[in-house]
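Protein sequences appear in the order of chains A and B. Every letter in the first sequence is one number past the one before it in our numbering, and letter 206, counting from 1, is 206. Every letter in the second sequence is one number past the one before it in our numbering, and letter 14, counting from 1, is 1014. This report refers to the structure that appears directly beneath it.
Protein chains: 2
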Amino acid sequence: MSARTPTAAIVIIGNEILSGKTQDTNGPYLIGELKALGVDLREIAVVPDIHETIAETVTRLAAKVDFVFTSGGVGPTHDDITIEAVARAFGRRIVREPSLEKALRWFYQDHLTDAHLRMADVPEGAELVYDDGIKIPTLRLENVYVLPGIPELCRMKFATVRERFRALPFHLRQIFVDADEGLIADAMTRAQAAHPSVAIGSYPRLSNAEYRVKVTLESKDKGEVDVVCDELVRAFGAEKIVRVE
Amino acid sequence: MSARTPTAAIVIIGNEILSGKTQDTNGPYLIGELKALGVDLREIAVVPDIHETIAETVTRLAAKVDFVFTSGGVGPTHDDITIEAVARAFGRRIVREPSLEKALRWFYQDHLTDAHLRMADVPEGAELVYDDGIKIPTLRLENVYVLPGIPELCRMKFATVRERFRALPFHLRQIFVDADEGLIADAMTRAQAAHPSVAIGSYPRLSNAEYRVKVTLESKDKGEVDVVCDELVRAFGAEKIVRVE
């Protein structure tokens, strides 16, 4: 388990997401998994099936965070270009992996096409992560993990590598306030300046009968979160507090 | 109405999205609106409340597409930094807009704070789009439209500028196929090469009783979409076709 907080980015690949033909569910899934693992997600990029765009995005994000997860564009058809783009992002050649070719030949038998065999092509130097739960291994190149777009497969493959990313958990507290956000802004600005390690968020709601602003406090340091929570509750004033979680 | 296809990008701003505290709904909303308007959405970036990251992202995308829409980070608190970041992306100063200051003073009366007045700060040279439906105008700087994160307000503000982006509609056809994707891949590769103006997508489904692959054809040229649809139906073979829409 890592003591420092690992950082991550997600690249969602596919024209079908940007054109609204399919609503992405892998992004929300990975957001939840990374949060539960204690990983700090820094950015999500949703990009089309364009070789240069995918390669540029992977290059940019792989240099910026500890781990990048791509979703989509893995398969036998003309719009499945993630593997080539990830290889290009690291200046690698594509090679046909014998163990994958063998598995594909066994699985498809007489129906095997050249298109199927494209699924045995991997960037040179990629790691193939095998696990009892999956037939096709999960592919890693440098700090980039390549996940499929089909939600069931994305979840199965992420499960094979999940424990690699586990770090100390985040601690969250929430203050629900019945006041205009502008009236509690100064107190939050002061608290944020005094406690930079605690992320303070302020989220107003329209037409919510119970509260008008949800204030969130989050950090890996539970003690510090509790200190800031007490400070803010006092600063806001008891009459404005609906509840504290 | 524009004859060429305008391009767009979306920047979703907020720690609460990346940390999973809030699920973004403005992205899916804008995807649907832009598609209906005939706008080609090229990228979505989800970024945290970090000044440099927002400014860099806006700079990068504003240079790449016709229109950028930001969502979130507009308000009176310390984590509302979108306006400053968009100003910085274009090297503009922040100025206090008298008409907004007046409106805020009228609205908040005796409760007005300095934090409220931050909502009157705009980048120099920004356009303020007024409309009967909204109290606070929608802000545009160059090709960037700044929308709020609160879903109801995001929708209200987008409505004030929507007709600026209307272009020729997209035409979509879909072929539902009962065959392994690898067996129809070559036909799609050939059709895509012969008709580059039609976007051909191939989307396999697991455990779907009705079909195994959905093939989508999309273009602004309805005639061309129909031609490619007929070609692919013939190439796949009638026995593999479940239905065509």
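Backbone N, C-alpha and C define an ideal beta-carbon position, used for all residues, glycine too.
At a CB-CB cut-off below 8 Å, which residues of chain B make contact with D186 (chain A)? Those within 8 Å of D186 (chain A) in chain B are T1113, D1114 and A1115.
Whole-angstrom C-beta distance between T1007 (chain B) and D1040 (chain B), which should lie under 8 Å: A Cβ-Cβ distance of about 5 Å is found for the pair D1040 (chain B) and T1007 (chain B), placing them in contact under the 8 Å criterion.
Simplified DSSP state of T77 (chain A), which is helix, strand or coil: In the structure shown, T77 (chain A) falls within a coil segment according to DSSP collapsed to helix, strand and coil.
Apply the 10 Å Cβ neighbour rule to A1085 (chain B) and answer buried if 16 or more other Cβ atoms are within range, or exposed otherwise. The residue is buried, with at least 16 neighbouring Cβ atoms inside 10 Å.
Closer than 7 Å, Cβ to any Cβ of chain A: which residues of the stretch 1037-1065 of chain B, in chain order? Residues of the stretch 1037-1065 of chain B with a C-beta atom less than 7 Å from some C-beta of chain A are L1041, R1042, E1043, I1044, A1045, V1046, V1047 and P1048, listed in chain order.
So is T1189 (chain B) in contact with chain A if we call contact Cβ pairs under 9 Å? Cβ-Cβ to chain A under 9 Å: yes for T1189 (chain B).
Supposed contact pair K240 (chain A) and V177 (chain A) - C-beta distance, whole angstroms, cut 8 Å: V177 (chain A) to K240 (chain A), Cβ: 5 Å. Contact.
Comparing C-alpha positions only, which one of B:I1184, B:H1078 and B:L1172 sits nearest to G20 (chain A)? Residue B:L1172 is the option with its Cα nearest to G20 (chain A).
Interface partners of D178 (chain A) on chain B, CB under 8 Å: Neighbours of D178 (chain A) on chain B: none; closest Cβ ~14 Å, over 8 Å.
Please classify D230 (chain A) as buried or exposed, where buried requires at least 16 other C-beta atoms within 10 Å of its C-beta. Sixteen is the threshold: since fewer than 16 other Cβ atoms of the shown chains lie within 10 Å of the Cβ of D230 (chain A), the residue is exposed.
Round the Cβ separation of K64 (chain A) and R42 (chain A) to the nearest angstrom and send it over; I've been treating them as touching at under 8 Å. Contact check for K64 (chain A) and R42 (chain A): beta-carbon distance about 7 Å, within the 8 Å limit, so the pair qualifies.
Would the beta-carbon of G1182 (chain B) fall within 9 Å of that of T138 (chain A)? Not closer than 9 Å, so no.
Along chain B, in chain order, which residues have C-beta atoms closer than 9 Å to that of T218 (chain A)? Going by the sequence as given, residue 218 (chain A) is Glu instead of Thr. Result: N1015, S1019 and K1021.
In terms of residue numbering, what span does the alpha helix (DSSP H) encompassing E1016 (chain B) cover? Taken as a continuous stretch (DSSP letters only), the alpha helix (DSSP H) holding E1016 (chain B) covers N1015 to L1018.
Using a 10 Å radius around the Cβ and a threshold of 16 neighbouring Cβ atoms, would you call A89 (chain A) buried or exposed? A89 (chain A) counts as buried, since at least 16 other C-beta atoms from the protein chains shown sit within 10 angstroms of its C-beta.
Using 8 Å as the threshold, is the stretch 138-156 of chain A in touch with the stretch 189-199 of chain A, meaning 3 or more CB pairs across them? Taking 8 Å as the limit for Cβ pairs, the verdict is that the stretch 189-199 of chain A does not touch the stretch 138-156 of chain A.
Which of the three DSSP states is assigned to L128 (chain A) in this structure? Residue state, collapsed to three classes: strand.
Using C-beta distances below 8 Å, list every residue in its chain close to E124 (chain A), excluding the 5 sequence neighbours before and after it, in chain order. Its chain contains A87, R92, R93, I94 and V95 as the residues whose beta carbon lies nearer than 8 Å to that of E124 (chain A), once the 5 sequence neighbours on both sides are disregarded; these appear in chain order.
Counting contacts by CB-CB distance shorter than 9 Å, is Y1145 (chain B) in contact with chain A? Cβ-Cβ to chain A under 9 Å: no for Y1145 (chain B).
Contact criterion: CB-CB distance below 9 Å. Does L206 (chain A) meet it with respect to chain B? Closer than 9 Å to some Cβ of chain B, the Cβ of L206 (chain A) qualifies, so yes.
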